[in-house]
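For the sequence shown, position 173 matches number 874 in the numbering used here, and the numbering has no gaps at all. Every residue, glycine too, gets a C-beta built ideally from N, C-alpha and C. Just below is one structure, and these are the notes that go with it.
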Amino acid sequence: MKQAQISTLNHQYKDKVNSLTPFEIYLQYSSEKEVSIKCLHKILSRFKNNSLKILDVGSGDGTYLLKSLPEDKNLEITFLEPSEDPFSKLKKNTKDNSNYKCINQTFKEFYKNTNEKFDIVLASHLYHFTQKEYSIFISQLISLLNNTGTLIWIERGIDEIAEFKKKFKTKLLPNKYSDIWQPRNYKKALEILKKKSDKTELILNHSQLNFPDSDKLDEVIAIVEFYLNIDWISIPKEVQDEILEYISSKNRILQQEEGVIIYKKQ
Numbered sequence: 702m703k704q705a706q707i708s709t710l711n712h713q714y715k716d717k718v719n720s721l722t723p724f725e726i727y728l729q730y731s732s733e734k735e736v737s738i739k740c741l742h743k744i745l746s747r748f749k750n751n752s753l754k755i756l757d758v759g760s761g762d763g764t765y766l767l768k769s770l771p772e773d774k775n776l777e778i779t780f781l782e783p784s785e786d787p788f789s790k791l792k793k794n795t796k797d798n799s800n801y802k803c804i805n806q807t808f809k810e811f812y813k814n815t816n817e818k819f820d821i822v823l824a825s826h827l828y829h830f831t832q833k834e835y836s837i838f839i840s841q842l843i844s845l846l847n848n849t850g851t852l853i854w855i856e857r858g859i860d861e862i863a864e865f866k867k868k869f870k871t872k873l874l875p876n877k878y879s880d881i882w883q884p885r886n887y888k889k890a891l892e893i894l895k896k897k898s899d900k901t902e903l904i905l906n907h908s909q910l911n912f913p914d915s916d917k918l919d920e921v922i923a924i925v926e927f928y929l930n931i932d933w934i935s936i937p938k939e940v941q942d943e944i945l946e947y948i949s950s951k952n953r954i955l956q957q958e959e960g961v962i963i964y965k966k967q
């Protein structure tokens, strides 16, 4: 069996023939973002202070936070996004509000040069750091909070997407992903944050991914590449068939779980 190749591209933003990125294709077939937006809206609506200063780390095109905002609050928001394509979209999405600031930097660059403190730091589905750096990164996020600030950490749970990733990443790239490898989930962050505060709260969101029909194979492949970060063309034919059969065996539906952790600085 030929060796699959991990992609040198970020499949979240790789352009496709139909002009949509794999992530945008994924969003068309998943209810995750919609469910998550409703949850975040409820969380942000809890805050009694009508004036809030928010940092959105890894904000993408900004739509996740923008669609989650309560209408009755005066918000000063700093959007931090290092990738050029989503940053360009972010600038367009926020250009009409003078209280929104967009910064095209990595978190490392921003953290090194800022003295600002925030009421809320939002960190949703971030993967730019290694497993060993969880504690350091979370501590850095907390240090950006004011004395009564709140960190909202959002990460995938233990679900059928994780099962799919483990099954095929360990099969295709055994030297990188051993049998004991587990996809990231919110539990490591929850453990770290609970040690810092016993008032740390966990909310679980549940949604599902409905794969496109088999006649839309290009979109199925885009979603598979997005999750595995492996070029489809490098996957052996027999494993390609196994992946497609696996999707069919699940009736083209994978259940999703998302952990939303709310940490209040004490």
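Exercise. How big is the Cα-Cα spacing for Ile963 and Lys938?
Worked result: For the purposes of this step, residue 963 is taken as the residue at position 262 of the sequence shown. For the purposes of this step, residue 938 is taken as the residue at position 237 of the sequence shown. A direct Cα-to-Cα measurement between Ile963 and Lys938 gives close to 44 Å.
Problem set entry | Collapsed DSSP secondary structure at His712 in the structure displayed | Residue mapping note: residue 712 aligns to position 11 of the sequence shown, counting from 1. Confidence is the limiting factor: at His712 the pLDDT is only 48, short of 50, which leaves the residue's position unreliable, though a coordinate-based value still follows. In the three-state scheme derived from DSSP, where H, G and I count as helix and E and B as strand, His712 is classed as coil.
Exercise. DSSP state of Asp786, grouped into three classes?
Worked result: Position 85 of the sequence shown holds residue 786. Of the three classes helix, strand and coil, the one that applies to Asp786 here is helix, per DSSP.
Problem set entry | Span of the beta strand (DSSP E), counted from its first residue to its last, around Asp820 | Within the sequence shown, residue 820 is the residue found at index 119, counting from 1. Membership of Asp820 in the beta strand (DSSP E) is indicated by the continuous run 819-825.
For this session: Please determine if the region 759-771 and the region 782-789 are in contact, where contact requires at least 3 C-beta pairs separated by less than 8 Å.
Result: Three or more pairs of CB atoms, one per stretch, sit closer than 8 Å, so the region 759-771 contacts the region 782-789.
Exercise. What is the rounded straight-line gap between the Cα of Lys951 and the Cα of Lys754?
Worked result: Along the sequence shown, read from residue 1 onward, the residue named residue 951 stands at position 250. Along the sequence shown, read from residue 1 onward, the residue named residue 754 stands at position 53. Whole-angstrom Cα-Cα distance: 43 Å.
Problem set entry | Under 8 Å between C-beta atoms of Leu891 and Gly960 | In the sequence shown, the residue the question calls residue 891 occupies position 190. In the sequence shown, the residue the question calls residue 960 occupies position 259. Their beta carbons are under 8 Å apart, which means Leu891 touches Gly960 by this criterion.
For this session: Kindly list the residues whose CB is nearer than 6 Å to the CB of Lys818, restricted to its own chain and excluding five residues on each side of it in sequence; keep chain order.
Result: Looking up residue 818 in the sequence shown gives position 117. The answer, listed in chain order, is Asn847.
Problem set entry | Contact belief for Ile738 with Ser769 at Cβ below 8 Å, rounded distance in angstroms | Start at 1 with the first residue of the sequence shown, and residue 738 comes out as number 37. Start at 1 with the first residue of the sequence shown, and residue 769 comes out as number 68. Taking a contact as a CB-CB distance under 8 Å, the pair Ile738 and Ser769 counts as one, their CB atoms being some 5 Å apart.
Exercise. Looking only at its own chain, which residues have a Cβ that is under 7 Å from the Cβ of Thr795, when we skip the five neighbours before and after it?
Worked result: Counted from its first residue, the sequence shown places residue 795 at position 94. Closer than 7 Å at Cβ, skipping near neighbours: Gly763, Phe780, Tyr801, Cys803.
Problem set entry | Between the CA atoms of Glu902 and Asn886 - distance to the nearest angstrom | Along the sequence shown, one-based indexing puts residue 886 at 185. Along the sequence shown, one-based indexing puts residue 902 at 201. Each residue's Cα considered, the two are about 16 Å apart.
Problem set entry | Minimum Cβ-Cβ distance from Thr849 to chain B less than 8 Å | The chain inventory of the structure shown lacks chain B, comprising one protein chain alone.
Problem set entry | Spatial distance of Ile954 from Lys809 (CA atoms) | Looking up residue 954 in the sequence shown gives position 253. Looking up residue 809 in the sequence shown gives position 108. Ile954 and Lys809: Cα-Cα distance of roughly 37 Å.
Problem set entry | Distance, Gly850 Cα to Asp786 Cα | Position 85 of the sequence shown, counted from the first residue, corresponds to residue 786. Position 149 of the sequence shown, counted from the first residue, corresponds to residue 850. Between Asp786 and Gly850, the C-alpha separation is close to 31 Å.
For this session: Give the DSSP-derived three-state secondary structure of Gln806 in the structure shown.
Result: By one-based count along the sequence shown, residue 806 stands at place 105. When DSSP states are grouped into helix, strand and coil, Gln806 belongs to the coil group.
Exercise. Is the beta carbon of Ala705 sitting closer than 8 Å to the one on Val758?
Worked result: Mapped onto the sequence shown, residue 705 falls at position 4. Mapped onto the sequence shown, residue 758 falls at position 57. Contact annotation: Ala705 and Val758 have beta-carbon atoms that are not nearer than 8 Å.
For this session: Evaluate Pro723 with the Cβ neighbour count: other Cβ atoms within 10 Å of its Cβ, from every protein chain shown; 16 or more gives buried, anything less gives exposed.
Result: Looking up residue 723 in the sequence shown gives position 22. Flag for Pro723 reads buried.
Exercise. Helix or strand or just coil, what does DSSP make of His829?
Worked result: Residue mapping note: residue 829 aligns to position 128 of the sequence shown, counting from 1. Three-state result, His829: coil.
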